[in-house]
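If you read the sequence shown in the working numbering, its first letter stands for residue 15, the second for the next number, and so on. Notes for the one structure printed next.
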Amino acid sequence: GLAYVERRRGNWDRNEEYFNQAEKIDPRNVNLLSQHARSYICLRRFPEALSKLEQILNITPDDIDTIVLKARIAQAQGDLPRAAALLAPLRLGADYANALETQVYQAILESRPAAVIAQLKQILAKPDQALGYYNGELRFWLGWAQEIAGDRDGARESWTQARSELEPFLREQPENFVLLGDLALTNVALGENNAALTLAERAIAMMPIEKDVLLGPRPLDILARVAARIGDSDRSISTLEKLLSIPYEAPLAANPPLTPALLRLDPMFEPLRKDPRFQKLVDSSAAK
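Right under this line is the structure:
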């Protein structure tokens, strides 16, 4: 428990100390190892995270969440072939939320969205109501994949439906900053720029970094994406500069934090490509 408290406060050294002590006492505790790996991922200490994940796979081979985390690290390091090799064998339904979104993100990063579009359409044809707002989130991803495939009309239809599915949940959970982020991205995709900015700023106010250093930056990650999409390069790039300098857990597919490699690959940042300040952020990967 102490490790988690220290992590939320940003005391990473003490967080590490507590994890190491706990693992000495209980070396085969998969939850503990997994949380320790997550800490390393937030810090972008990917080799150490991978060694924890290997320890887990020695205890529980074929654990889907662990394999997906390995794939996410490969994405963050810009190694799409390695991520693809890990993700391709997994047959996932909507009950594996993050894992499924990671597969969709992979297809988007590779610009090969056809298979995931078919898969998402099949899942969303009979949505599982028990998944709550997650169906709307999946529909946002479907729209993004359709946009990458060049199907603007299909994307618009998916995003419009995603928005109508997400909004009732926000009325019930007005303080849910994940929902605010989903709706910000959906609105900006539909060209509702003011609504998107308002939602992103509401999420930042709701979950400031001072409150939780791990989750606080997530709304900033959304803001950077919204600002890029509406053409506010200054705001997007200054937010990205901040995000690249701090540890955090990202909002999309609970991915690792943004890295120079992800900035290079993620099409949401396409509008910034020609900006030399953005190029500088992408090129900083040589140091990583």
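In this text, a Cβ means the ideal position worked out from N, Cα and C, and glycines have one as well. Remember, it's a predicted structure, so these values are computed and weren't measured experimentally.
query = Under three-state DSSP, which class holds Glu-161?
reply = In the structure shown, Glu-161 sits in a helix (DSSP, three-state: H, G or I).
ask   = Expressed to the nearest angstrom, what Euclidean distance is found between the alpha-carbon atoms of Leu-258 and Pro-271?
value = Between the alpha carbons of Leu-258 and Pro-271 lies a distance of about 8 Å.
query = Would Asn-34 be called buried (16 or more neighbouring beta carbons within 10 Å of its own) or exposed?
reply = Asn-34 comes out exposed.
key: Of the listed residues Phe-191, Leu-156, Glu-186 and Glu-20, nearest to Ala-176 (C-alpha basis)   = The candidate whose alpha carbon is nearest that of Ala-176 is Leu-156.
message = If we require 4 or more residues per run, which alpha helix (DSSP H) segments fall completely within the region 38-124?
response = As summarised for the region 38-124, the continuous alpha helix (DSSP H) elements at least 4 residues long and confined to that stretch are 44-56, 60-73, 78-90, 94-101 and 111-123, given in chain order.
inquiry  = Can you confirm whether the region 210-217 touches the region 176-195 when touching is taken to mean that 3 or more C-beta pairs between the two stretches lie within less than 8 Å?
reply    = With a cut-off of 8 Å, the region 210-217 and the region 176-195 count as touching, because enough Cβ pairs lie within range.
request  = Count the other C-beta atoms from every protein chain shown that fall within 10 angstroms of the C-beta of Thr-253, then say buried if there are 16 or more, exposed otherwise.
outcome  = Burial state of Thr-253 is buried, judged by a 10 Å Cβ sphere holding 16 or more other Cβ atoms.
request  = With DSSP as the reference, label Ile-236 as helix, strand or coil.
outcome  = Correct three-state label for Ile-236: helix.
key: Beta-carbon proximity of Ala-111 to Ile-131, cut-off 9 Å   = With a cutoff of 9 Å on beta-carbon distance, Ala-111 and Ile-131 are scored as not near each other.
query = For Phe-154, which of Glu-189, Ala-169 and Arg-126 has the nearest alpha-carbon?
reply = Measuring from the Cα of Phe-154, the nearest candidate turns out to be Ala-169.
ask   = Below 9 Å between beta carbons: does that hold for Ala-90 and Leu-276?
value = Contact flag set, yes.
Alpha-carbon to alpha-carbon, Pro-188 and Asp-167 = Here the alpha carbons of Pro-188 and Asp-167 stand approximately 30 Å from one another.
query = Mind checking Pro-127: buried by the 16 CB within 10 Å criterion, or exposed?
reply = Classification of Pro-127: buried, given that the 10 Å Cβ count is 16 or more.
ask   = What is the rounded straight-line gap between the Cα of Arg-23 and the Cα of Lys-225?
value = One C-alpha to the other measures close to 8 Å.
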